[in-house]
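Below is one structure, written out as structure tokens; comments come after it.
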Amino acid sequence: MSLSASLSNALSGLSAASRAAELVSSNISNALTPGYGPRSLQLSARAEGAAGGVRVDGVMRDVDPVLISDRRRADAALGRATAEADYLARLENVLGTPDDPGALSARVAELETALLAAAGEPAAPQRLDAAVMAAERLASGLRNASSEVQAMRVEADTDIGRMVERMNAALARVHDLNSAVVAAGVRGEDTSGLLDQRQRAIDDLAELVPLRELARPGGAVALYTQGGATLLDGSPVEIGFARSGVITANMTAADGDLSGLTVDGRPVPVDRFAGGRLESRFLVRDDLAVSAQAGLDALARELIARFEDGLPDPTLAPGAPGLFTDAGAAFAAGAETGLAGRVEVNDAVRPETGGASWRLRDGLGAATPGPAGDGALLTAMQTAVAEARPPVAGGFGSVPRGVAALAADLAAQVSTRLVDAEARQSHAAAQHTEIALAERRLGVDTDSEMQRLMVIEQLYGANARMIRAIDEMMDTLTRL
Numbered sequence: 008m009s010l011s012a013s014l015s016n017a018l019s020g021l022s023a024a025s026r027a028a029e030l031v032s033s034n035i036s037n038a039l040t041p042g043y044g045p046r047s048l049q050l051s052a053r054a055e056g057a058a059g060g061v062r063v064d065g066v067m068r069d070v071d072p073v074l075i076s077d078r079r080r081a082d083a084a085l086g087r088a089t090a091e092a093d094y095l096a097r098l099e100n101v102l103g104t105p106d107d108p109g110a111l112s113a114r115v116a117e118l119e120t121a122l123l124a125a126a127g128e129p130a131a132p133q134r135l136d137a138a139v140m141a142a143e144r145l146a147s148g149l150r151n152a153s154s155e156v157q158a159m160r161v162e163a164d165t166d167i168g169r170m171v172e173r174m175n176a177a178l179a180r181v182h183d184l185n186s187a188v189v190a191a192g193v194r195g196e197d198t199s200g201l202l203d204q205r206q207r208a209i210d211d212l213a214e215l216v217p218l219r220e221l222a223r224p225g226g227a228v229a230l231y232t233q234g235g236a237t238l239l240d241g242s243p244v245e246i247g248f249a250r251s252g253v254i255t256a257n258m259t260a261a262d263g264d265l266s267g268l269t270v271d272g273r274p275v276p277v278d279r280f281a282g283g284r285l286e287s288r289f290l291v292r293d294d295l296a297v298s299a300q301a302g303l304d305a306l307a308r309e310l311i312a313r314f315e316d317g318l319p320d321p322t323l324a325p326g327a328p329g330l331f332t333d334a335g336a337a338f339a340a341g342a343e344t345g346l347a348g349r350v351e352v353n354d355a356v357r358p359e360t361g362g363a364s365w366r367l368r369d370g371l372g373a374a375t376p377g378p379a380g381d382g383a384l385l386t387a388m389q390t391a392v393a394e395a396r397p398p399v400a401g402g403f404g405s406v407p408r409g410v411a412a413l414a415a416d417l418a419a420q421v422s423t424r425l426v427d428a429e430a431r432q433s434h435a436a437a438q439h440t441e442i443a444l445a446e447r448r449l450g451v452d453t454d455s456e457m458q459r460l461m462v463i464e465q466l467y468g469a470n471a472r473m474i475r476a477i478d479e480m481m482d483t484l485t486r487l
């Protein structure tokens with residue numbers, strides 16, 4: 008072997024050691040960078056002629072595609088479970104727990120107590136006023152709960168719009184990175200940095216909807232949802248959604264009042280995007296909140312029904328509203344949707360609207376006060392609230408219960424669903440943590456990198472000494 012060939016071999020070794028040191032430096036500096044794939048150098052023996060030496064074939068980005076896919080599914084599942092649990096926790100707070108003095112069931116009990124106290128002392132105006140105030144607090148509680156439920160639907164609708172914008176931006180980013188990866192590969196450049204960026208962009212997308220990633224020629228990837236919707240295969244699709252500024256109780260997606268999703272202008276079922284945070288917002292807007300509103304409406308219907316049609320108040324004319332009204336009027340069949348947001352106390356007993364609290368004692372249809380000591384109607388009203396009767400509204404079954412028990416059952420249904428949702432959230436969080444830890448274990452190992460660096464130092468020093476020795480040999484030849 009000639010000295011020039013030996014020098015070439017040593018220089019190739021020096022170059023490989025320098026490139027390896029660069030990769031170790033990059034790995035260590037990015038040990039905590041999310042989405043960073045550890046790099047390693049691909050080397051092979053040079054085969055040109057008989058000189059030998061080492062050739063740098065490229066840079067290997069060390070990742071586990073299966074583990075990344077599992078982690079992305081775990082991201083989506085955790086996002087969905089967390090969003091559902093958060094909504095149910097908020098709804099539970101709106102309805103109130105058994106120990107909450109502002110809970111709907113507590114307000115019903117407050118009305119029962121106030122009516123009973125007024126029946127015990129019917130001539131006392133303050134007792135009658137207190138009963139009217141208790142009725143107004145109950146009606147106000149129903150209206151506020153209904154308003155909160157609809158506000159949560161609007162919030163979910165707004166979130167969907169933001170998520171769709173985020174998905175479109177992420178798809179455009181992945182498309183651009185696909186093009187950059189393919190172009191860099193054609194030029195023979197290292198694509199590891201571009202692959203890191205693309206992984207982070209896909210990770211951002213996968214939080215919203217579970218994905219399947221498929222390899223395409225040249226290093227590009229295609230993206231599909233787990234439900235089979237194409238997101239990116241060559242060119243990205245355009246996901247569409249129209250936000251609703253205002254949502255009322257009678258507005259549903261099934262009736263076409265609220266927007267669904269479109270892909271390149273064509274409507275697609277939401278279940279094609281199921282499994283992530285995006286689906287959870289549709290679940291709130293179109294299912295959970297709608298069910299909660301239906302429960303509140305059923306409770307309001309029950310409350311109105313117990314004071315209408317002349318029972319317990321014989322002074323009411325046929326068709327006249329009782330103590331609780333539908334926005335001041337009697338309840339009309341078929342108008343139950345949104346009733347909780349319209350329920351009001353009859354103006355006949357409200358002094359601020361020209362009524363008088365003595366009508367609780369003497370009848371809402373009474374023109375003049377009756378015997379001050381007669382508490383029979385007040386007792387009958389208290390019985391109407393407390394008595395166990397088969398519910399008139401749907402959703403509560405047929406078991407006889409009082410209004411307070413119905414309100415408590417409504418809250419209990421939400422609490423039960425919350426417990427189930429929190430259990431799913433806990434399971435999803437544990438699974439996510441386990442997969443994330445496994446992925447991190449495959450990340451940069453700084454101890455291993457430092458050991459590699461020591462070997463690289465030795466190789467670099469050995470090749471440098473080889474170059475010095477060759478230089479000395481050449482000097483010897485030139486002195487002859």
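Every position in the sequence shown, counted from 1, becomes a number in our numbering once 7 is added.
We treat Cβ as the ideally placed atom computed from N, Cα and C, and that holds for glycine.
Owing to the predicted nature of the structure, the values given are computational and were not obtained by experimental measurement.
According to DSSP, residues forming a beta bridge with residue i
| i | result |
| --- | --- |
| ASP240 | SER242 |
| PHE331 | VAL352 |
| ARG219 | TYR231 |
| GLN49 | GLY65 |
| GLY247 | THR269 |
| ARG408 | ARG396 |
| ALA336 | ASP333 |
The alpha helix (DSSP H) enclosing residue i, as first and last residue numbers
| i | result |
| --- | --- |
| PHE289 | 284–290 |
| LEU346 | Looking at the DSSP string, LEU346 is not in any alpha helix (DSSP H), and its letter there is neither H nor E. |
| ILE209 | 199–213 |
| GLU311 | According to the sequence displayed, residue 311 carries Ile and not Glu. First-last of the alpha helix (DSSP H) with ILE311: 296–312. |
| ARG80 | 72–102 |
| THR453 | 453–486 |
| THR165 | 132–193 |
| THR120 | 111–127 |
| LEU18 | 10–36 |
| LEU371 | Here LEU371 belongs to no alpha helix (DSSP H), and DSSP marks it neither H nor E. |
Pair within 8 angstroms by beta-carbon distance, residue i and residue j
| i | j | result |
| --- | --- | --- |
| LEU330 | ARG292 | no |
| GLY247 | ASP278 | no |
| ARG134 | GLU128 | yes |
| GLY345 | ASN257 | yes |
| VAL188 | LEU201 | yes |
| GLY282 | ARG87 | yes |
| ALA327 | ALA339 | no |
| ARG68 | LEU50 | no |
| GLU446 | LEU215 | no |
| MET159 | ARG97 | yes |
| ARG114 | GLY148 | yes |
| SER405 | LEU303 | no |
| GLY44 | ASP197 | no |
| GLU155 | VAL101 | yes |
| GLY409 | ALA393 | yes |
| VAL356 | ARG150 | no |
| ALA305 | ALA400 | yes |
| THR4 | GLN157 | Examination of residue 4 is not possible in this model, given that the chain is present from 8 through 487 alone. |
| SER242 | VAL66 | no |
| LEU413 | LEU95 | no |
| GLN432 | GLU119 | no |
| MET170 | LEU318 | no |
| LEU230 | ALA208 | no |
| ILE463 | ALA28 | yes |
Beta strand (DSSP E) segment containing residue i, residue limits
| i | result |
| --- | --- |
| TYR231 | 228–232 |
| PRO274 | 273–275 |
| THR269 | 268–270 |
Cβ-Cβ separation, residue j to residue i (assumed contact under 8 angstroms), whole Å
| i | j | result |
| --- | --- | --- |
| PRO407 | ARG396 | 5 angstroms |
| ARG308 | GLU343 | 5 angstroms |
| LEU30 | LEU18 | About 19 angstroms; that fails the 8 angstroms criterion. |
| ASP232 | LEU239 | It should be noted that the sequence gives Thr, not Asp, for residue 232. Not confirmed; about 11 angstroms, so no contact. |
| ALA176 | ASP82 | Contact doesn't hold; Cβ gap of about 18 angstroms is too wide. |
Any non-hydrogen atom of the ligand SAM closer than 7 angstroms to residue i Cβ
| i | result |
| --- | --- |
| PRO45 | This structure lacks the ligand SAM; in fact it carries no ligand of any kind. |
Counting beta carbon pairs with one atom in the region 90–98 and one in the region 290–305, are three or more of them shorter than 8 angstroms? yes
Are three or more beta carbon pairs between the region 320–337 and the region 368–385 nearer than 8 angstroms? yes
Determine, using beta-carbon pairs with one atom in the region 401–421 and one in the region 430–444, whether at least three such pairs fall under 8 angstroms. no
Three or more C-beta pairs under 8 angstroms: does that hold for the region 449–456 against the region 105–113? no
If contact is defined by three or more beta carbon pairs under 8 angstroms, each pair taking one atom from either stretch, is the region 138–158 in contact with the region 352–369? yes
Three or more C-beta pairs below 8 angstroms linking the region 456–476 and the region 21–28: yes
Between the region 267–284 and the region 116–131, can you find at least three pairs of beta-carbon atoms closer than 8 angstroms? no
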